[in-house]
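Notes follow once the structure below has been shown.
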Amino acid sequence: MVKISFDRDLCLGCKTCELACAAAHSRVNSIIGAIKENKISRIRIKKVSGKIKLEQCKLCQNPKCIDSCPTKSLSKEENGTVKVNYLTCTGCGLCKEACPFGAIVLGPFPTLCDRCAESDEPLCARACPTKALKVKAV
Amino acid sequence: MQVVNIDEQNCKGCTLCSQVCKVNACTGEPLIPHFIDTKKCVNCGQCVVTCPARAAKDINCIEEVQKAVEDKNTITVVQGAPAVRVTLGEEFGMDSGSIVPGRMAAALRKLGFDRVYDTCFAADLTIMEEGHELLKRVKDGGTFPMFTSCCPAWVLYMEKNYPDLLGYLSTCKSPQQMFGAVVKSYIAKKEGINPARIYMVSVMPCTAKKYEITRPEMICDGYKNVDAVLTTRDLAELLRKKHIDISQLVEEDFDTPFGEYTGAGVIFGATGGVMEAALRTACEVLDGKPLKKLSFYDVRGISSFREAEVEAGGIKLKVAVVHGLEKIKPLLDSLRGGRLNYHFIEVMTCPEGCIGGGGQPNIPKKSVRDKVIKERMKSIYYYELGLAKRKSNDNPQIKLIYEDFLGKPLGEMSHHLLHTTYGSASTLDGKK
Ligand code: SF4
Ligand code: SF4
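Structure representation (structure tokens):
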């Protein structure tokens with residue numbers, strides 16, 4: 000399983016990771032693509048009461064989001080990430096409320112970090128200029 | 000010459016550099032390697048101190064300096080800029096704003112330099128020349144406002160964008176260049192050294208100084224005023240290479256005669272410093288008697304535009320201080336359109352002046368930078384208070400060099416060595 004560690008002291012708040020994420024999940028792999036396709040980044044850098052905070056799926060052991068889904072649209076993949084079944088998902092947002100890390104945003108379906116399963120390395124970590132985001136295999 | 004470049008391999012496209020570049024030279028799409036438009040770039044190095052990935056870099060000459068120091072036949076002379084004394088410590092884990100001129104002198108001597116001098120002396124010299132130039136313009140009704148010319152990035156900005164206004168610039172060379180000119184003439188003559196054997200190095204908080212030494216105006220009697228520039232970062236790198244940790248060194252004095260300086264020279268390192276130093280000397284000359292109040296609080300501070308009115312000898316001087324190039328543009332535009340009602344304007348390219356310079360230790364994080372800069376500024380003024388002499392015209396070595404060699408401010412000799420006219424960069428660009 001691939002986890003991503005976050006070093007608050009190194010983070011500059013430049014949001015390069017967010018852009019890289021949105022771009023990576025667009026069809027043409029570019030920021031323009033992300034804008035045109037209204038892609039939501041699956042990682043967010045926020046400032047909460049003066050502190051920099053990272054919002055990203057933490058790959059929980061027993062994910063609350065999966066428990067809370069009334070239509071059983073969320074399931075856990077082998078690599079630990081949570082997958083959404085777009086055919087049955089109603090976009091009700093109960094998973095978003097259930098997540099204690101604020102990791103889920105609806106757009107219109109839940110978007111969850113997939114650790115860039117399709118490429119060899121999570122692109123947010125690759126884009127970070129200070130290496131505040133680091134990939135950890137667990 | 001282009002000093003600052005971006006290494007495409009390392010650039011992550013985080014856009015931080017383009018946010019600090021005030022002349023829009025540094026641009027690019029997010030996530031795609033950025034580039035520098037050399038037509039607009041003024042070599043200020045703000046992108047370099049900001050880049051978190053160390054992709055934006057300035058060229059360095061650490062190896063040449065090392066070679067020169069090891070060469071027995073060259074006499075290596077080094078000068079350290081005012082702003083470096085409150086920042087060099089940071090590179091060695093000392094608190095921000097630690098005051099380290101003594102340790103810097105010790106470290107430079109350890110590196111093997113033959114003479115260790117202080118640019119603050121040349122800052123005092125600049126004040127004598129610039130102050131008298133201002134007084135001359137006041138007496139003879141010259142062109143106003145007069146702009147300072149100590150900041151090479153600012154001079155280049157004028158040449159690239161406002162070549163028609165170059166006449167408003169002071170004709171003084173920057174302290175760095177004045178120092179080189181004086182060492183290669185006065186010291187060479189006094190000690191009987193062939194100037195060709197002198198290798199002049201300066202330690203600067205600035206990347207644009209690396210560009211300044213290559214200008215054709217900065218060659219005097221066939222010799223380059225200054226041969227090499229090390230930024231604060233470069234010096235720290237060189238010291239680390241030689242395993243010298245300045246936090247462990249015992250403080251030493253600078254060499255005489257050019258190690259002597261006054262508080263006026265020291266405050267050159269912060270925004271408003273040149274102005275305050277010049278006012279101290281100019282007001283004293285205008286009044287004809289010693290100044291009572293030496294501190295001009297109106298020109299201090301960190302807001303990017305400050306103005307003040309000073310009365311001396313029955314004349315009202317209106318002055319202004321600007322740091323950051325985006326703030327000077329409206330002033331220059333209104334000057335182009337008609338008149339600008341000031342006598343003297345100090346302009347520094349880097350935010351907060353040289354203490355925030357492009358050659359200083361890297362700080363990408365804005366919130367950290369703000370805190371560190373405040374400490375550095377406090378230190379500069381604190382250090383200045385502790386000096387015995389605080390007016391450039393009180394520096395005994397300055398008096399001596401005028402008696403001995405230069406004659407009088409704005410005299411024939413100083414005109415030859417210490418003054419210049421600008422404009423070659425714009426014509427060079429035009430020819431390309
Ligand atoms: S700050 Fe550095 S990494 Fe970021 S875009 Fe500029 S050159 Fe690239
Ligand atoms: S050196 Fe200064 S002017 Fe040139 S690109 Fe960097 S920030 Fe812009």
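Protein chains in written order, with numbering that gives the first Met the number 0: chain A, 0 to 137; chain B, 0 to 431. No residue lacks a Cβ here, since even glycine has one placed at the ideal position from N, Cα and C.
Would the C-beta of residue i count as close to ligand 2, meaning under 7 angstroms from any of its heavy atoms?
i	result
glutamine 45 of chain B	yes
valine 228 of chain B	no
cysteine 25 of chain B	yes
cysteine 20 of chain B	yes
asparagine 84 of chain A	no
asparagine 42 of chain B	yes
valine 346 of chain B	no
valine 134 of chain A	no
valine 3 of chain B	yes
isoleucine 212 of chain B	no
isoleucine 35 of chain B	yes
In the DSSP assignment, the beta strand (DSSP E) including residue i goes from what residue to what residue?
i	result
isoleucine 42 of chain A	42-47
histidine 322 of chain B	314-322
lysine 2 of chain A	1-5
leucine 132 of chain A	132-136
arginine 305 of chain B	304-311
threonine 49 of chain B	Per DSSP, threonine 49 of chain B belongs to no beta strand (DSSP E); it is in the alpha helix (DSSP H), 45-49.
serine 74 of chain A	73-75
methionine 347 of chain B	343-347
leucine 18 of chain A	Element bounds for leucine 18 of chain A: not the beta strand (DSSP E) but the alpha helix (DSSP H), 15-23.
isoleucine 51 of chain A	50-55
With which residues is residue i paired in a DSSP beta bridge?
i	result
cysteine 64 of chain A	DSSP lists no partner for cysteine 64 of chain A.
asparagine 4 of chain B	B:Lys56
leucine 290 of chain B	Answer is none; leucine 290 of chain B lacks a bridge partner.
arginine 102 of chain B	Beta-bridge pairing links arginine 102 of chain B to no other residue.
alanine 109 of chain A	Here residue 109 of chain A turns out to be proline, not alanine, going by the sequence shown. The partner list for proline 109 of chain A (beta bridge, DSSP) reads A:Leu105.
serine 201 of chain B	B:Gln78, B:Val228
tyrosine 156 of chain B	Answer is none; tyrosine 156 of chain B lacks a bridge partner.
phenylalanine 146 of chain B	B:Leu168, B:Ile344
cysteine 25 of chain B	B:Ile35
tyrosine 222 of chain B	B:Cys219
lysine 183 of chain A	What the structure shows of chain A is the stretch from 0 to 137, and residue 183 of chain A is not part of that stretch, so it cannot be assessed.
So residue i contacts chain B; which residues on that side make the cut at Cβ distance below 8 angstroms?
i	result
threonine 129 of chain A	Pro51, Ala52, Pro363
alanine 102 of chain A	By Cβ distance, chain B contributes nothing, its closest Cβ being about 22 angstroms from alanine 102 of chain A, past 8 angstroms.
alanine 126 of chain A	Lys11, Gly12, Cys13, Leu30
Report yes if the C-beta of residue i is less than 7 angstroms from at least one heavy atom of ligand 1; otherwise report no.
i	result
leucine 15 of chain B	yes
glycine 12 of chain B	yes
threonine 49 of chain B	yes
isoleucine 42 of chain A	no
proline 360 of chain B	no
proline 128 of chain A	yes
alanine 131 of chain A	no
isoleucine 58 of chain B	no
alanine 22 of chain A	no
alanine 124 of chain A	no
alanine 19 of chain A	no
alanine 52 of chain B	yes
alanine 97 of chain A	no
histidine 414 of chain B	no
alanine 55 of chain B	yes
Give the range of the alpha helix (DSSP H) segment to which residue i is assigned.
i	result
alanine 187 of chain B	187-190
leucine 240 of chain B	It should be pointed out that residue 240 of chain B corresponds to lysine in this sequence rather than to leucine. Looking at the DSSP string, the run of the alpha helix (DSSP H) that includes lysine 240 of chain B is 231-240.
methionine 177 of chain B	174-181
arginine 375 of chain B	365-384
tyrosine 116 of chain B	First-last for tyrosine 116 of chain B: 114-117, but that is the beta strand (DSSP E), not the alpha helix (DSSP H).
glutamine 18 of chain B	15-19
glutamine 247 of chain B	Segment: none, glutamine 247 of chain B is in no alpha helix (DSSP H) and carries neither H nor E.
glutamine 396 of chain B	395-400
valine 265 of chain B	262-265
lysine 66 of chain B	61-69
aspartate 483 of chain B	Nothing can be reported for residue 483 of chain B: it is not among the residues displayed for chain B, which extend from 0 to 431.
histidine 414 of chain B	411-417
arginine 335 of chain B	327-336
Give the residues from the segment 35-57 of chain B that approach chain A closer than 7 angstroms (Cβ to any Cβ), ordered along the chain.
Pro51, Ala52
Mind listing which residues of the segment 11-43 of chain A have their C-beta closer than 7 angstroms to chain B's C-betas, in chain order?
Leu11, Cys13, Thr15, Leu18, Ala19, Ala22, Ile30
For the segment 7-37 of chain B, enumerate the residues whose C-beta is nearer than 8 angstroms to any C-beta of chain A, in chain order.
Against chain A - using a Cβ distance shorter than 8 angstroms - the residues of the segment 7-37 of chain B are Lys11, Gly12, Cys13, Thr14, Leu15, Glu28, Pro29, Leu30.
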